[in-house]
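Q: Input: one structure, supplied below.
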Ligand SMILES: C[S@@+](CC[C@H](N)C(=O)[O-])C[C@H]1O[C@@H](n2cnc3c(N)ncnc32)[C@H](O)[C@@H]1O
């Protein structure tokens with residue numbers, strides 16, 4: 085089951101990343117539209133603002149060795165490497181993404197006359213090929229929802245973190261269920277999202293927090309940023325109707341077309357309070 089899931093994720097990103105980059109750019113994550121979700125801004129700027137808001141929220145002012153877990157085509161890795169003058173390593177399940185991220189690092193270096201110290205490889209976040217305590221910032225934007233074992237994912241992120249280093253994660257969640265379990269309708273809605281976006285399942289933010297509390301992390305904080313990011317799906321849905329996107333979709337194959345046709349599942353999920361955008365940070369004990 086797990087290897088099938090990994091293959092599906094790999095194929096999904098192998099097939100769709102080129103189109104995503106052409107239409108939406110190098111960041112494959114939500115944008116930040118102000119705490120109330122009311123700020124109007126350029127889509128790419130909103131995505132950069134999400135990165136900056138996360139750094140600010142987690143009080144990260146400096147980093148030297150960064151790991152970007154589930155790096156896509158290296159949008160965050162390159163941004164962070166340049167911002168902090170740091171070394172960044174990105175991992176993804178998709179060879180197409182790893183190659184494209186490597187190519188982007190080279191192009192970026194030529195355009196900016198200093199090569200960012202960023203490298204990319206295909207590796208599994210649940211069994212990372214890095215020694216304990218290798219990084220002072222472990223960063224994961226919207227990859228946790230793909231992980232078949234959420235506890236192992238957080239354990240691995242914490243293992244490779246240096247003592248005193250910071251873990252920051254943003255991930256798709258479902259609503260907390262302590263007051264009311266998920267209804268059958270909600271479970272069906274989630275199942276549709278899982279199928280289309282290659283997710284094994286998602287959990288609630290309090291469940292992530294509980295997992296984090298069992299790890300050698302202190303100053304654990306969580307927040308629900310659903311209101312701030314939900315407008316992103318309106319923007320993505322609008323842009324999916326431009327001719328470049330339509331031609332690209334037809335070329336990318338069925339999984340990508342299906343994902344595009346299902347964008348409304350996410351929009352509705354936010355509207356109904358079922359889908360939540362959870363953020364979590366913590367510092368490893370020294
Ligand atoms: C939605 S993309 C996010 C990309 C990037 N973080 C960004 O914000 O632009 C999800 C990423 O998670 C990666 N991913 C999913 N499961 C993974 C796993 N088990 N190990 C490593 N990467 C994984 C995918 O390959 C993909 O690069």
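In our numbering, the protein residues as written are 85 to 370. The beta carbon of each residue, even a glycine, is placed where N, CA and C say it ideally should be. Predicted model, so just to flag it, every value in this text is computed and none were measured.
#1: Under 8 Å, do residue 247 and residue 117 count as touching if we go by C-beta distance?
#2: Three Cβ pairs or more, each shorter than 8 Å: is that satisfied between the stretch 166-185 and the stretch 264-274?
#3: Specify whether the stretch 288-307 and the stretch 355-369 touch according to this definition: at least 3 beta carbon pairs, one from each stretch, less than 8 Å apart.
#4: At a cut-off of 7 Å, would you count residue 112 as near ligand 1, judging by its Cβ distance to the nearest heavy atom?
#5: I need the boundaries of the alpha helix (DSSP H) containing residue 311, first residue and last residue.
#6: At a cut-off of 7 Å, is residue 143 close to ligand 1 when judged by its beta-carbon and the heavy atoms of the ligand?
#7: DSSP on residue 159, reduced to helix/strand/coil?
#8: For residue 226, count the other beta carbons within 10 Å of its own beta carbon; 16 or more makes it buried, fewer makes it exposed. Which is it?
#9: Per DSSP, what are the beta-bridge partners of residue 221 in this structure?
#10: Measuring straight from C-alpha to C-alpha, what distance separates residue 163 and residue 313?
#11: By the three-class DSSP mapping on this structure, what secondary structure does residue 96 have?
#12: I'd like the list of long-range same chain contacts for residue 220, defined as Cβ closer than 6 Å, with 5 residues on each side in sequence excluded.
#13: How close, in whole Å, do the beta carbons of residue 311 and residue 110 come, if the pair is a contact with beta carbons under 8 Å?
#14: Helix, strand or coil for residue 295? Go by DSSP, reduced to three states.
#15: Determine, using beta-carbon pairs with one atom in the stretch 180-189 and one in the stretch 127-146, whether at least three such pairs fall under 8 Å.
#16: Under 8 Å between the Cβ atoms of residue 156 and residue 181?
#17: What did DSSP end up calling residue 259 once you bin it into helix, strand or coil?
#18: Are there three or more Cβ pairs, one per stretch, closer than 8 Å when the stretch 279-297 is compared with the stretch 255-268?
#19: What would DSSP say about residue 235, mapped onto helix, strand or coil?
#20: The beta strand (DSSP E) that contains residue 353, what's its start and end?
#21: Could you tell me the alpha carbon to alpha carbon distance between residue 320 and residue 277, rounded to whole angstroms?
#22: Reducing DSSP to helix, strand and coil, say where residue 245 ends up.
#23: Nearest-angstrom Cα distance between residue 145 and residue 268?
#24: Within a Cβ cutoff of 6 Å, which residues of the same chain sit near residue 222, ignoring the five residues on either side of it in sequence?
A: On the basis of the data shown:
#1: no
#2: No: fewer than three Cβ pairs fall under 8 Å.
#3: yes
#4: yes
#5: 310-313
#6: no
#7: Looking at residue 159 - three-state DSSP - the assignment turns out to be helix.
#8: buried
#9: 150, 250
#10: 20 Å
#11: helix
#12: 147, 148, 149, 246, 249
#13: With 8 Å as the limit, residue 311 and residue 110 do not qualify as a contact, their Cβ atoms being about 25 Å apart.
#14: helix
#15: Contact between the stretch 180-189 and the stretch 127-146 is absent: fewer than three C-beta pairs spanning the two stretches fall below 8 Å.
#16: Their beta carbons are under 8 Å apart, which means residue 156 touches residue 181 by this criterion.
#17: coil
#18: Contact between the stretch 279-297 and the stretch 255-268 is present: three or more C-beta pairs spanning the two stretches fall below 8 Å.
#19: helix
#20: Where residue 353 is concerned, there is no enclosing beta strand (DSSP E), although the alpha helix (DSSP H) it sits in stretches over 347-355.
#21: 16 Å
#22: strand
#23: 44 Å
#24: 151, 241, 245, 251
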